[in-house]
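J.:
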Amino acid sequence: MTKNIAIFASGSGSNAGNIIRYFRDSETISVRLVVSNRSKAFVLERAGILRVPSEVFLREEWESGGANVLAVLKKYDIDFIVLAGFLARVPDAVLQAYPNKIINIHPSLLPKHGGKGMYGHHVHEAVVAAAETETGITIHYVNECYDEGEVIRQVTCPVLPADTPEDVANRVHALEYEHYPQVIEEIVLLN
Ligand code: GAR
């Protein structure tokens with residue numbers, strides 16, 4: 141039976157696009173919906189081009205418990221949720237309805253450089269400022285606390301002495317594109 145997934149994203153959505161393309165011909169996993177908290181997020185254009193429906197919920201709907209979000213997830217028969225650059229909090233109603241069925245990717249080796257406010261380029265700037273010699277990605281389950289759910293997979297890459305935050309971002313993005321769809325496939329099919 142096909143498992144339906146929803147991708148939650150707030151920004152450019154390059155990971156979302158990569159995940160949609162990866163599963164386009166899959167017989168077991170279907171990307172049914174893209175959900176965003178920003179009406180101008182570029183991920184919505186990507187979803188349109190790739191012919192995946194999208195829904196936007198504004199701040200009140202995310203912050204008032206999440207009943208509207210949950211109703212739409214049920215309408216699309218969503219089995220599993222994938223966060224890909226999603227910067228709002230997942231509402232309690234959604235967390236409760238999808239136990240161990242929501243995963244996130246973070247662009248560092250958690251617990252390093254995680255937590256509130258640590259997203260996208262802020263993370264890579266912190267990695268360079270801390271003179272780290274390695275960084276990477278963390279794919280983890282989502283619970284009520286930012287970036288603190290059980291880790292599923294970490295993959296590392298070097299940080300070179302002359303690297304700018306942008307160099308680090310490019311290397312980390314490449315790891316995300318390579319590994320996130322495969323990990324999604326493994327975890328969704330386990331459930
Ligand atoms: C990705 O690097 C993702 O790991 C990160 O946001 C970026 C989104 O890029 N997520 C976080 O920082 C979550 N704390 P994208 O919109 O091009 O996929």
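The numbering of the sequence shown is this note's numbering, which starts it at 141 and goes up by one.
By construction, the Cβ of each residue, glycine as well, lies at the ideal position given by its N, Cα and C atoms.
Keep in mind the model is a prediction, meaning the values are calculated, not measured.
If distances are taken between C-alpha atoms only, which option among 244, 210, 221, 226 comes closest to residue 232?
T.: Checked all of 244, 210, 221, 226; the closest Cα to residue 232 is 210.
J.: Decide if residue 151 is buried, meaning its Cβ has at least 16 other Cβ atoms within 10 Å, or exposed.
T.: The residue in question, residue 151, is buried, as its Cβ has 16 or more Cβ neighbours within 10 Å.
J.: Count the other CB atoms within 10 Å of the CB of residue 250; is the residue buried (16 or more) or exposed (fewer)?
T.: Buried: at least 16 other Cβ atoms inside 10 Å.
J.: If you measure between the beta carbons of residue 246 and residue 270, is that distance less than 9 Å?
T.: Contact: no.
J.: With burial defined as no fewer than 16 other Cβ atoms inside 10 Å of the residue's Cβ, what is the status of residue 194: buried or exposed?
T.: So residue 194 ends up on the buried side.
J.: Would you mind giving the Cβ-Cβ distance between residue 320 and residue 155, rounded to the nearest angstrom? I have them listed as a contact below 8 Å.
T.: Confirmed, about 6 Å.
J.: Give a yes or no on whether the C-beta atoms belonging to residue 263 and residue 299 are separated by under 9 Å.
T.: Result no, Cβ atoms of residue 263 and residue 299 do not sit closer than 9 Å.
J.: Assuming residue 291 contacts residue 278 under a Cβ cut-off of 8 Å, what Cβ separation, rounded to an integer in Å, is found between them?
T.: Their Cβ separation, rounded to whole angstroms, is 6 Å, which keeps residue 291 and residue 278 in contact under 8 Å.
J.: My output table needs one value for residue 324: the three-state DSSP class, helix, strand or coil.
T.: Of the three classes helix, strand and coil, the one that applies to residue 324 here is helix, per DSSP.
J.: In angstroms with no decimal places, state the Cα-to-Cα distance between residue 282 and residue 239.
T.: Approximately 9 Å between the Cα atoms of the pair.
J.: Under the rule that 16 or more other beta-carbon atoms within 10 Å means buried, what is residue 280, buried or exposed?
T.: Label assigned to residue 280: buried.
J.: When you compare each of 234, 183, 141, 318 to residue 204 by their alpha carbons, which one comes out closest?
T.: Checked all of 234, 183, 141, 318; the closest Cα to residue 204 is 234.
J.: Are the beta-carbon atoms of residue 323 and residue 293 separated by less than 9 Å?
T.: Their beta carbons are under 9 Å apart, which means residue 323 touches residue 293 by this criterion.
J.: Measuring CA to CA, which of 314, 287, 317, 224 is closest to residue 173?
T.: When each option's Cα is compared against that of residue 173, the closest is 224.
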